[in-house]
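All the letters of the sequence shown, read from the start, carry residue numbers 206 to 497 under my numbering. Data block below; observations after.
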Amino acid sequence: MTDISRAGAFALGDLTVNRMGYGAMQLAGPGVFGPPKDRDQALAVLREAVASGVDHIDTSDFYGPHVTNQIIREALSPYPEGLTIVTKLGARRGDDASWLPYSEPAELVQGIEDNLRNLGVEVLDVVNLRVMGDIHAPSEGSIGAKFSVLAEQQKKGKIRHLGLSNVTSTQVAEARTIAPVVCVQNQYNLVQRDDDALIDELAGLGVAYTPFFPLGGFTPLQSSALSEVAAELGATPMQVALAWLLQRAPNILLIPGTSSVTHLRENLAAASLSLSPEVIRRLDAIAKSPAV
Ligand SMILES: NC(=O)c1ccc[n+]([C@@H]2O[C@H](COP(=O)([O-])OP(=O)(O)OC[C@H]3O[C@@H](n4cnc5c(N)ncnc54)[C@H](OP(=O)(O)O)[C@@H]3O)[C@@H](O)[C@H]2O)c1
């Protein structure tokens, strides 16, 4: 079995997690809506992740909605010592599967209660304020009012640590004037590198950066250069994409998503894949000419 601790660990406040984690979004039904096609397989993926040493699971109550958190609870509760579950708040789902941004502070408070109930915990480990922005890319604008609501709930003991998702550097700075920020979760991968400067800035602050869509999301990364490198290394393209992220910066935490035990094992094995400087240079070139 892969020793995922080879990828190292990083602190989320007073919680330390392995840099190789797991993202649970793929456990809901198609379009992240409704129940999964194979519930037993979803339970098996979560149990295999934890048995393999994963101690950082990313989720949201808007996956399903509620479905993913309920599956996490069924698979893993009572939760093992040291497991950190990171959830996010900022939208609810319409009956047509749409993503509807929260507009009222009361919705954030209700969202916290929904997460507590569906995960079956008394305190949420980490809550990211999910700023809806341009859905998968951030846009500027004050987030202070919403982040203050979460900070208030943190003071009440409902949340241990706070983070942000889909935000700009300016928004991180604004939030940090209100309460400590332990992690930022934005879209980033081998070909989507808008956050290069933000990652380095956060590394300097000791704040974790957790890329969403680390494998390209709903359309996994495809690149002939990536495939060539993977073949030379006897690895898969997905493993190389994850190893590249691990070597990109020490504050990057991985939460690749999968609904498959086979893919999970493959992804976790990337924890022990080491890339030479020459290979990194070839992979870096992909972002400069992604249409390959
Ligand atoms: N903050 C946010 O706004 C936000 C947005 C999106 C996601 N997230 C979080 O980030 C996590 C990761 O993102 P993601 O799951 O959307 O995208 P991802 O990790 O980039 O990719 C997941 C996709 O890759 C496939 N896949 C996974 N491992 C594979 C492998 N070894 N070989 C081939 N295909 C593979 C999955 O299909 P299979 O199921 O068939 O393996 C799925 O289609 C999510 O689980 C969620 O927790 C956060």
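Built from N, CA and C at the ideal position, the CB exists for glycine as well. Predicted, not measured: the structure shown is a model, and the values here were computed from it.
| Item | Value |
| --- | --- |
| Helix, strand or coil: how does DSSP classify Arg-501 here? | Residue 501 is absent from the model: the chain starts at 206 and stops at 497. |
| When burial is assigned at 16 or more other CB atoms within 10 Å of the CB, is Ser-303 buried or exposed? | exposed |
| Three or more C-beta pairs closer than 8 Å, one from the region 247 to 262 and one from the region 479 to 487: is that the case here? | no |
| Alpha carbon to alpha carbon, what distance is there between Glu-433 and Tyr-307? | 44 Å |
| Inspect the CB distances between the region 272 to 283 and the region 336 to 353 and report whether three or more fall short of 8 Å. | no |
| Taking Cβ positions, are Leu-334 and Lys-351 nearer each other than 7 Å? | yes |
| Consider the C-beta atom of Gln-275 and the heavy atoms of ligand 1; say whether any pair is separated by less than 6 Å. | no |
| Can you name the start and end residues of the beta strand (DSSP E) that Ile-290 belongs to? | 289 to 294 |
| Which residue spans inside the region 358 to 423 form an unbroken beta strand (DSSP E) run of at least 3? | 364 to 370, 388 to 390 |
| Threshold first: 4 residues or longer. Then list the alpha helix (DSSP H) segments lying entirely within the region 322 to 363, N to C. | 349 to 360 |
| Rounded to whole angstroms, what is the Cα-Cα separation between Lys-363 and Gly-439? | 46 Å |
| In the DSSP assignment, the alpha helix (DSSP H) including Thr-498 goes from what residue to what residue? | Beyond the ends of the chain as shown, which are 206 and 497, falls residue 498; an answer cannot be given. |
| Short check: CB of Asn-274 to CB of Asp-266, under 7 Å? | yes |
| Taking only three categories from DSSP, how would you classify Pro-442? | helix |
| Of all the options Pro-385, Asp-401, Ala-384, Glu-357, which has the alpha carbon lying nearest to the alpha carbon of Thr-373? | Asp-401 |
| Applying the 10 Å Cβ sphere with the 16-neighbour rule, what's the burial state of Ala-446? | buried |
| Starting from Asp-489 and walking both ways along the alpha helix (DSSP H), at which residues does that stretch end? | 482 to 493 |
| Check the DSSP bridge columns for Phe-238 and list the partner residues they point to. | Gly-269 |
| Alpha carbons only, please: which of Ala-356, Leu-450, Leu-488 is nearest the one belonging to Leu-431? | Leu-488 |
| Distance, Cα to Cα, Asp-301 vs His-271? | 15 Å |
| Run through DSSP, which three-state label would Asn-223 get? | strand |
| Which term fits Asp-219, buried or exposed, when burial requires 16 or more other beta carbons within 10 angstroms of its beta carbon? | exposed |
| So who's on the other strand from Gly-462, going by DSSP bridges? | Gly-228 |
| Give a yes or no on whether the C-beta atoms belonging to Tyr-414 and Ile-460 are separated by under 7 Å. | no |
| Rounded to the nearest angstrom, what separates Ser-464 and Arg-381 at their Cα positions? | 35 Å |
| Please state whether DSSP places Ala-302 in a helix, a strand or coil. | coil |
| Taking 6 Å as the cut-off, is the C-beta of Glu-253 nearer than that to any heavy atom in ligand 1? | no |
| Please find out if some non-hydrogen atom of ligand 1 comes closer than 6 Å to the beta-carbon of Thr-463. | yes |
| Run the CB neighbour count on Val-291, radius 10 Å, all protein chains shown included, and call it buried at 16 or more, exposed below. | buried |
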